[in-house]
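Notes for the one structure printed next.
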Amino acid sequence: MAINLLCMQYQTLVFDLDGTISDPFEGISKSINCALDSLGYDTAPDEMIRSMIGPPLDDSFKLLIGEKNSAIINELVDKYRERYTAVGFSENVIYPEIPATIAALAEKGYRMGVCTSKRADYATAIVEMFELAPHFDFIDGGGDGVNKTQQLERLVSQGLDAGSSIMIGDRHFDILAARANGIRSVGVTWGFADENEFSDAAPDYIVDSPAELLRLFT
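Using the working numbering, read the sequence shown as starting at 1126 and increasing by one per residue.
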């Protein structure tokens, strides 16, 4: 029987949330445009919003309105969160095959966690909505001004072993953050990655489906 060396090398699988576990586009796009409209800004086209899913929310608003005034950005973030808290988070749609893939990886004995730019309370609510919470040992959320590199650095400082962990995400931010912390990475193509997303970031592995991800680690 062939032995998959990845099974021996990695003990902890760290998943991004948006674009990796679930598709958040409807809730995010409606909440962003609700915030923009409430302060008199033009709403943003879908493709612009799609390209901005992944980084911290305040950074996305700075790009959308071309303005770095912290008071305005904070107000937009607050307006966004009003709608997102009420209904936006529940508009997430889980990707097909993800529940079975995560369950199978858990059955194989992997320790798993989530590291997302979303606030931890939103991330937890989404993971619980999809009944995936029992499979995850930790859910690490970001916050205003905190990027994925800083999040992974914090997790490593709290005991995450970089050498036996691997980051799984759909954006180059995930891959670069992992590398900055000595963590290997898997780029997934079913989320918000464009065709050139990983050309410079160069993840250690690229997979095109949850089934392929499962095969990588089993």
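All C-beta atoms in this analysis are idealised placements derived from N, C-alpha and C, irrespective of residue type, glycine included.
Query                                                                                                              : Result
Candidates 1232, 1216, 1201, 1277, of which the one nearest residue 1255 by Cα                                     : 1216
Beta-bridge pairing of residue 1330 - partner residues as DSSP gives them                                          : 1311
Contiguous alpha helix (DSSP H) assignments of at least 4 residues, all confined to the stretch 1272-1316          : 1273-1282, 1297-1305
Identity of the residues DSSP links to residue 1268 by a beta bridge                                               : 1271
Extent of the continuous alpha helix (DSSP H) run through residue 1152                                             : 1150-1163
Status (buried if at least 16 other CB within 10 Å, exposed otherwise) for residue 1141                            : buried
At least three beta-carbon pairs within less than 8 Å, the stretch 1304-1318 to the stretch 1327-1335              : yes
CA nearest to the CA of residue 1373, picked from 1244, 1220, 1259                                                 : This structure gives no information on residue 1373, because the portion of the chain shown stretches from 1126 to 1343.
Minimum C-alpha distance to residue 1325 - residue among 1339, 1334, 1304, 1206                                    : 1304
N- and C-terminal bounds of the alpha helix (DSSP H) containing residue 1202                                       : 1195-1211
Among 1149, 1261, 1165, nearest to residue 1232 - alpha-carbon criterion                                           : 1261
Within 9 Å, strictly: CB atoms of residue 1184 and residue 1150                                                    : no
Alpha-carbon to alpha-carbon, residue 1222 and residue 1228                                                        : 10 Å
Own chain, CB closer than 8 Å to residue 1300, minus 5 neighbours either side, in chain order                      : 1292, 1294, 1310, 1312, 1323, 1326, 1327, 1328
For residue 1186, the nearest candidate out of 1209, 1161, 1282 (CA to CA)                                         : 1161
Three-way DSSP call (helix, strand, coil) for residue 1174 in this model                                           : helix
Whether residue 1163 touches residue 1251 by CB criterion (9 Å)                                                    : no
Local conformation of residue 1244 per DSSP, three classes                                                         : coil
Supposed close pair residue 1209, residue 1152 - CB separation, criterion 8 Å                                      : 6 Å
Endpoints, alpha helix (DSSP H) assigned at residue 1226                                                           : 1223-1232
Within 9 Å, strictly: CB atoms of residue 1343 and residue 1238                                                    : no
Residue 1139, buried or exposed, once every other Cβ within 10 Å from all chains shown has been counted against 16 : buried
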